[in-house]
Amino acid sequence: MEIRGAVDIPVVGLGETTLLAALSMGRQLGLVTIDPVFIDWHERQVRAHGLDQRVTGVRAIHVDLPGFMRAFTDDTSYARVRADFVEQVRPLVAAGAEVIIPAGGLPMLLFARERPFIIDGALVLNGIAVVAKAAEMALALRRLTGSVVSRRGTYAKASAACVEEYLARRW
């Protein structure tokens, strides 16, 4: 989210926004991504937001990308991917997860058709809807308050001299 330090418009990120919204819907969260290679990335994102104690785990389904993409248009493929997703969710729920985040835009889009999507009592959050509404809210708040982010610390803007030096060396 470093871009927030460079622009004066609201910036929302899919992962961050979904994590924060999920916290308002349940105390413990679980994440399921589309490939084990992404587990470490999502775990780092959880730690970066200080949410280690609120996330019961990050798991992954086991499907190749073409198979996953077929699930958007083929009911048999969808049923297979959904079953794998449910299998990965169950241990997270058993560990205490109340809200499940399909980690990444593709699984969020795929499972958006299930309204609501509940597995063993846990809500599977539609992050696409969440980030769209968060963007609307951020714009409305900017109109109401005139502010976007704090410019102290994390999102402080670089000085004009700093930007000039960067551009001179970069380009």
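FYI, in our numbering the residues of the sequence shown are 161 to 331. Beta carbons: idealized from backbone N, C-alpha and C, even for Gly. Predicted, not measured: the structure shown is a model, and the values here were computed from it.
**Report entry** Cβ-Cβ separation, Q188 to G256 (assumed contact under 8 Å), whole Å
**Finding:** 4 Å
Query raised in the report: Are at least three pairs of beta-carbons, each pair with one atom in the region 313-323 and one in the region 191-201, less than 8 Å apart?
Result: no
Requested in this report: Keeping to the same chain, check which residues put their C-beta closer than 8 Å to that of A318; ignore five residues upstream and five downstream.
Outcome: G165, A166 and Y326
**Report entry** Identity of the residue in L285, A263 and G264 nearest R273 by Cα
**Finding:** L285
Query raised in the report: Which residues bound the alpha helix (DSSP H) around P251?
Result: D235 to A254
Query raised in the report: Taking the Cβ atom as the reference point for each residue, do I260 and I279 lie within a distance shorter than 8 Å?
Result: yes
Query raised in the report: Using a Cβ-Cβ cut-off of 7 Å (strictly less than) and excluding sequence neighbours within five positions of F277, which residues of its own chain qualify?
Result: F271 and V284
Query - Residue ranges of each beta strand (DSSP E) within the region 258-315, 3 or longer - result: 259-263 and 282-284
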